[in-house]
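Below: the structure, in structure tokens.
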Amino acid sequence: MALVPSAAVNDGPIFAEVDMGADSSAPTVRATVVQASTVFYDTPATLDKAERLLADAAGYGSQLVVFPEAFIGGYPRGSNFGVVIGNRTAKGKEEFRRYHASAIDVPGPEVDRLAAMAGKYKHRKVMPTALERIIWGFGDGSTIAVFETPIGKIGAAICWENRMPLLRTAMYAKGIEIYCAPTADARDVWQASMTHIAVEGGCFVLSANQFCRRKDYPPPPEYVFSGTEEDLTPDSVVCAGGSVIISPSGTVLAGPNYDGEALISADLDLGEIAKAKFDFDVVGHYSRPEVLSLVVRDHPTNPVTFTSSKTEGSQKS
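Here is the structure:
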């Protein structure tokens with residue numbers, strides 16, 4: 164997610180904005196969710212695309228832009244990396260090597276470039292889903308952050324970790340107002356989850372997903388969609404989007420969009436948050452701490468900890 168300070172000059176929009184702004188006299192925030200595909204295995208080109216999209220959104224007046232899950236580096240949809248119980252194939256290992264080469268370091272030069280585009284806030288996925296766990300690590304409590312910004316308190320949870328009630332409760336307790344939910348889930352049931360979170364948390368929910376066709380990924384045999392490749396054409400939709408913006412009352416402000424790549428925008432009337440929490444405040448007047456409570460370990464966790472600043476191996480003899 165990125166805060167956009169101002170409009171930037173560019174060569175024209177990549178695609179048109181879908182605008183369903185609110186009409187309100189209360190303070191508002193112009194927000195955009197990006198529905199677009201990674202340039203797979205080409206991180207520099209993806210960064211170029213991200214920069215163009217940020218500039219386009221800023222040109223439409225957006226103050227906050229949310230990108231889909233794994234936009235930088237790509238979401239390896241359809242790949243199993245040659246993994247079966249008890250074995251990993253040579254082809255799968257090479258596929259992982261290429262995917263790993265497309266990843267970026269945090270901190271690193273690509274992050275510096277993103278920071279130069281706009282203020283950027285970090286959340287690492289606490290729980291990768293299913294086969295994602297063979298390629299992605301786990302976040303810890305230190306990345307369950309809600310950031311104080313000039314436009315409100317902003318935080319994020321990624322894809323199915325949005326279905327973890329205790330994680331959501333931790334974010335509600337930090338006073339989240341704009342809840343960002345990058346995802347790779349384009350199913351109809353995702354919309355129900357997003358609406359529920361908006362109502363439960365009394366917050367705006369901004370969910371961004373990629374819209375991808377088969378041709379947005381490398382062709383076979385370089386890249387194979389396991390189990391479905393024979394049924395796909397270059398124009399087959401492999402991720403249908405469904406990006407959406409929802410108010411604290413559960414009203415859909417923009418989207419869900421299943422039509423293609425788009426910038427999906429709405430004006431967030433921050434006065435709606437107080438109205439929603441007057442009805443239901445899950446960590447306020449609707450909580451029962453004497454009956455139910457939550458402890459969050461929000462410190463960094465490391466597999467190896469050294470008690471001194473130098474390790475034995477780094478000392479000169």
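Heads up, the final residue of the sequence shown is numbered 480 in this note's numbering, and it's a clean run with no missing numbers. Glycine included, every Cβ here is placed at the ideal spot set by N, Cα and C. Note that this is a predicted model, so its numbers are computed, not measured.
Of all the alpha helix (DSSP H) runs that stay within the bounds of the segment 242-306, which reach a length of 4 or more residues? Entirely contained in the segment 242-306, the alpha helix (DSSP H) runs reaching 4 residues are, in chain order, 253-265, 272-280.
With DSSP as the reference, label Gly318 as helix, strand or coil. One-based indexing of the sequence shown puts residue 318 at position 155. Under the three-state reduction of DSSP output, Gly318 falls in the strand class.
Anyone know if the C-beta pair for Ser406 and Gly418 falls short of 8 Å? Here residue 406 is taken as the residue at index 243 of the sequence shown, counted from 1. Here residue 418 is taken as the residue at index 255 of the sequence shown, counted from 1. Yes; because the gap between Cβ atoms is below 8 Å, this pair is in contact.
Could you name the residues that DSSP lists as bridge partners for Leu330? Indexing the sequence shown from 1 puts residue 330 at position 167. Leu330 is not bridged to any residue.
Assuming the contact rule is C-beta atoms closer than 8 Å, Pro345 and Ala371 should be a hit. Round their C-beta distance to whole Å, please. Position 182 of the sequence shown, counted from the first residue, corresponds to residue 345. Position 208 of the sequence shown, counted from the first residue, corresponds to residue 371. Contact flag correct, Cβ pair sits at about 5 Å.
On a Cα-Cα basis, can you pick out the residue from Pro313, Pro452, Ala320, Gly315 that is closest to Gly302? For this step, residue 302 is matched to residue 139 along the sequence shown. Comparing Cα positions, the closest option is Ala320.
Buried or exposed: Gly364, going by 16 or more other Cβ atoms within 10 Å of its Cβ? For the purposes of this step, residue 364 is taken as residue 201 along the sequence shown, with counting starting at 1. By the neighbour-count rule (16 or more Cβ atoms within 10 Å), Gly364 is buried.
Looking at the structure shown, is Asp219 part of a helix, part of a strand, or coil, going by DSSP? By 1-based counting over the sequence shown, the position of residue 219 is 56. If DSSP states are grouped into helix, strand and coil, Asp219 belongs with the helices.
Ile408: first and last residue of the uninterrupted beta strand (DSSP E) it sits in: Within the sequence shown, the letter at position 245 stands for residue 408. Here the beta strand (DSSP E) through Ile408 covers 406-409.
Give me the residue from Pro382, Ile360, Gly222 with the minimum Cα distance to Trp323. As a working note, residue 323 is residue 160 in the sequence shown. Of the candidates Pro382, Ile360, Gly222, the one whose C-alpha sits nearest the C-alpha of Trp323 is Ile360.
Within 10 angstroms of its Cβ, does Asp186 collect 16 or more other Cβ (buried), or is it exposed? As a working mapping, residue 186 is identified with position 23 in the sequence shown. Any reading at Asp186 must be qualified, since the residue scores a pLDDT of 49, below 50, and its modelled position is unreliable; the value itself is stated next. Asp186 comes out exposed.
Based on Cα-Cα distance, which residue from Thr292, Glu258, Thr206 lies nearest to Val274? Residue 274 sits at position 111 when you count from the first residue of the sequence shown. Out of Thr292, Glu258, Thr206, Thr206 has the C-alpha closest to the C-alpha of Val274.
In terms of DSSP beta bridges, what is His226 paired with? If you number the sequence shown from 1, residue 226 lands on position 63. Inspection of the sequence shows that residue 226 is occupied by Gln rather than by His. In the DSSP assignment, Gln226 is bridged to no other residue.
Could you tell me the alpha carbon to alpha carbon distance between Asp444 and Lys438, rounded to whole angstroms? In the sequence shown, residue 444 corresponds to position 281, counting from 1. In the sequence shown, residue 438 corresponds to position 275, counting from 1. Distance between the alpha carbons of Asp444 and Lys438: 10 Å.
Which runs of the alpha helix (DSSP H), 4 residues or longer, sit entirely within the segment 331-413? 351-364
What's the C-alpha gap between Gly245 and Arg251? Residue 245 sits at position 82 when you count from the first residue of the sequence shown. Residue 251 sits at position 88 when you count from the first residue of the sequence shown. Taking the straight line joining both Cα atoms gives about 5 Å.
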